[in-house]
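**Q**
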Amino acid sequence: MIRIGLVDLDTSHPKTFTAILNSIPDVKVNALWDGRDVWPEGYDAQFAQENNVPNVCKRLEDMLEHVDAVMIHGVNWDKHLDKAYPFIEAGKPVLIDKPMVGKVRDIYGLLELQATHKTPIFGGSALRYAEEITSLQLGASEFGEISSLVATGPGDFFSYGIHTTEMAQGLIGTGATCVEYVAEYKSCFVTVTYHNGFVLVLQLQQPYHEWSLALYTAAGLHTKVVDQSKVYEPFLRNFIALVKGTDIHYSLEAPLEAVKIHIAAKLSRQHGGKIYLAEVPAEEGFDGAAFAAEYAAAKRRGS
Numbered sequence: 002m003i004r005i006g007l008v009d010l011d012t013s014h015p016k017t018f019t020a021i022l023n024s025i026p027d028v029k030v031n032a033l034w035d036g037r038d039v040w041p042e043g044y045d046a047q048f049a050q051e052n053n054v055p056n057v058c059k060r061l062e063d064m065l066e067h068v069d070a071v072m073i074h075g076v077n078w079d080k081h082l083d084k085a086y087p088f089i090e091a092g093k094p095v096l097i098d099k100p101m102v103g104k105v106r107d108i109y110g111l112l113e114l115q116a117t118h119k120t121p122i123f124g125g126s127a128l129r130y131a132e133e134i135t136s137l138q139l140g141a142s143e144f145g146e147i148s149s150l151v152a153t154g155p156g157d158f159f160s161y162g163i164h165t166t167e168m169a170q171g172l173i174g175t176g177a178t179c180v181e182y183v184a185e186y187k188s189c190f191v192t193v194t195y196h197n198g199f200v201l202v203l204q205l206q207q208p209y210h211e212w213s214l215a216l217y218t219a220a221g222l223h224t225k226v227v228d229q230s231k232v233y234e235p236f237l238r239n240f241i242a243l244v245k246g247t248d249i250h251y252s253l254e255a256p257l258e259a260v261k262i263h264i265a266a267k268l269s270r271q272h273g274g275k276i277y278l279a280e281v282p283a284e285e286g287f288d289g290a291a292f293a294a295e296y297a298a299a300k301r302r303g304s
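Each number in the working numbering comes from the position in the sequence shown (counting from 1) with 1 added on.
1) Would the beta-carbon of Gln207 fall within 8 angstroms of that of Thr153?
2) Is any heavy atom in the ligand NAP found nearer than 7 angstroms to the beta carbon of Ile276?
3) Let me check one thing: in DSSP terms, what residues is Asn56 bridge-paired to?
4) Which whole-angstrom value is the C-beta distance of His67 and Leu10, which I expect to be below 8 angstroms?
5) When the Cα atoms are used, what is the spatial distance from Gly173 to Lys59?
6) How would you label Thr165, buried or exposed, when you count the other beta carbons within 10 angstroms and need 16 or more for buried?
7) On the criterion of 16 or more Cβ atoms from any shown chain inside 10 Å, does His272 qualify as buried, or is it exposed?
8) For Leu22, I'd like the list of residues in its chain whose CB is within less than 8 angstroms of its CB, leaving aside the five on either flank, ordered along the chain.
9) Between Thr1 and Glu254, how many whole angstroms is the CB-CB distance? I'm expecting something under 8 angstroms.
10) Going residue by residue through the region 45 to 114, where are the continuous beta strand (DSSP E) segments of at least 3 residues, counting only ones entirely within it?
11) Mind reading off the beta-carbon distance from Ile262 to Ala177? Whole number of angstroms is fine, and I expect it under 8 angstroms.
12) Return the chain-ordered list of same chain residues with a C-beta closer than 7 angstroms to the C-beta of Val76, the five sequence neighbours on each side being excluded.
13) Taking contact to mean at least 3 C-beta pairs separated by less than 8 angstroms, is the region 90 to 110 in contact with the region 121 to 135?
14) Pair every Cβ in the region 143 to 150 with every Cβ in the region 101 to 118, then say whether three or more of these pairs are closer than 8 angstroms.
15) So, at 7 angstroms on beta carbons, what are the nonlocal neighbours of Glu258 in its own chain, with the 5 sequence-adjacent residues on each side left out?
16) For Pro121, is the classification buried or exposed, using 16 other Cβ atoms within 10 angstroms of its Cβ as the cut-off for buried?
17) Using DSSP's beta-bridge definition, name the partner residues of Tyr1.
18) Once DSSP output is grouped into helix, strand and coil, what is the label at Ala322?
19) Since Val281 and Leu268 should fall inside the 8 angstroms C-beta cutoff, what is the C-beta to C-beta distance between them, to a whole number of angstroms?
20) Compare the Cα-Cα distances from Lys275 to each of Asp63, Val183 and Ile108 and report the closest residue.
21) Would you mind giving the Cβ-Cβ distance between Glu285 and Val57, rounded to the nearest angstrom? I have them listed as a contact below 8 angstroms.
22) Please classify Thr153: does DSSP put it in a helix, a strand, or coil?
23) Whose CA, out of Thr135, Leu203 and Pro55, lies closest to the CA of Tyr161?
24) So what does DSSP say about Gly289, is it helix, strand or coil?
25) I'd like the span of the beta strand (DSSP E) that includes Gly221, first residue to last.
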């Protein structure tokens, strides 16, 4: 039996992920701990009772004896490294929900933790594993040369926008060199240039709640709209495969490059021009504490 732990209960994902994981043979969400950045005292016990989680831990470290791997769902991404560290040090695989981190220094920190401890670190956006992305990958040999890709998605610029970027990465991979914020009209338009000259166009914060791709190739236009009801299970099954020691198609560098793309896009939006990823300062990023405070306030208002 693979025992999974929940670190923080901030979003809707812990409930949804728990139901999916408990439906997988020999997998059980066995423990939880909540840092109360969003929910009040007592919510953890209520959640455990409603979702059949047997162990509610008083301290984060108490979870170690109850789990084989954990998922981190805190909306304050600035705390992700500290919360992941005890489990990484103990050799227990970690899934860090999107965005994995929010600052350049934490990108380096997470890569260093993995290099030091060799513990599997998974996470980011589930859209990377959407069935529509997989089908495009399988059909790539029929497309011929890809000339460009437009990826579109809703939500705020970073916390939700990262879905759009990781969705595109699931198809074209990594290797971005520079980013430019090019326009703003009811959406935000960002170009991402890759080492081979390929250009990805991101349309962020579009008003309709839908993720889609338009892939332009030598064989014509190929479009996909993601079925949001099916995105989580492939993501979680890949994590369980990783916990079991199966070699899956995954690199920690990919979701971390996506974070850096958004940080560079923010700088380009502020200052104009192209921003090279290799030159983004370590202190740059998005404020996790501020986002968590806004998120918690919205939840209190019932938003």
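C-beta: ideal position from N, C-alpha, C; glycine also.
**A** On the basis of the data shown:
1) Taking C-beta atoms as the reference points, Gln207 and Thr153 count as a pair closer than 8 angstroms.
2) What this structure holds is no ligand at all, so the ligand NAP is not there to describe.
3) Partner residues in the beta bridge of Asn56, as assigned by DSSP, are Ala32.
4) For His67 against Leu10, the beta-carbon gap comes to about 16 angstroms, at or over 8 angstroms, which does not count as contact.
5) Here residue 173 is Ile; the residue named in the question, Gly, does not match the sequence. If I take the Cα positions, the gap works out to 43 angstroms.
6) Thr165 is buried by the Cβ-count criterion.
7) Residue environment for His272: exposed (fewer than 16 other C-beta atoms within 10 angstroms of its C-beta).
8) Excluding positions up to five away in sequence, the list reads Ile5, Val28, Lys29, Val30, Leu237 and Ile241.
9) With the chain covering 2 to 304 only, the question about residue 1 has no answer from this structure.
10) The region 45 to 114 contains these whole beta strand (DSSP E) runs: 70 to 73 and 95 to 98.
11) The distance from the Cβ of Ile262 to that of Ala177 is about 6 angstroms, consistent with a contact at the 8 angstroms cut-off.
12) Here the set comprises Asp11, Thr12, Asp38, Val39, Phe292, Ala293 and Tyr296.
13) Per the Cβ contact rule, the region 90 to 110 is in contact with the region 121 to 135 (3 or more Cβ pairs under 8 angstroms).
14) Short answer: they don't touch.
15) Close CB contacts of Glu258 within its chain, under the 7 angstroms cut and outside five residues either way in sequence, are with Thr175 and Ala177 (chain order).
16) The residue in question, Pro121, is buried, as its Cβ has 16 or more Cβ neighbours within 10 Å.
17) Look at the range of the chain in this structure, 2 to 304, and you will see that residue 1 is not part of it.
18) The requested residue 322 does not occur in the structure, where the chain is confined to residues 2 to 304.
19) Rounded, the Cβ-Cβ distance is 7 angstroms, consistent with contact.
20) Of Asp63, Val183 and Ile108, the residue nearest in Cα terms is Val183.
21) That belief does not hold up - the Cβ atoms of Glu285 and Val57 are roughly 37 angstroms apart, past 8 angstroms.
22) For Thr153, the three-state secondary structure derived from DSSP is strand.
23) Of the listed residues, the one whose Cα sits closest to Tyr161 is Leu203.
24) Helix, per DSSP.
25) Gly221: member of the beta strand (DSSP E) spanning Gly221 to Val226, first to last residue.
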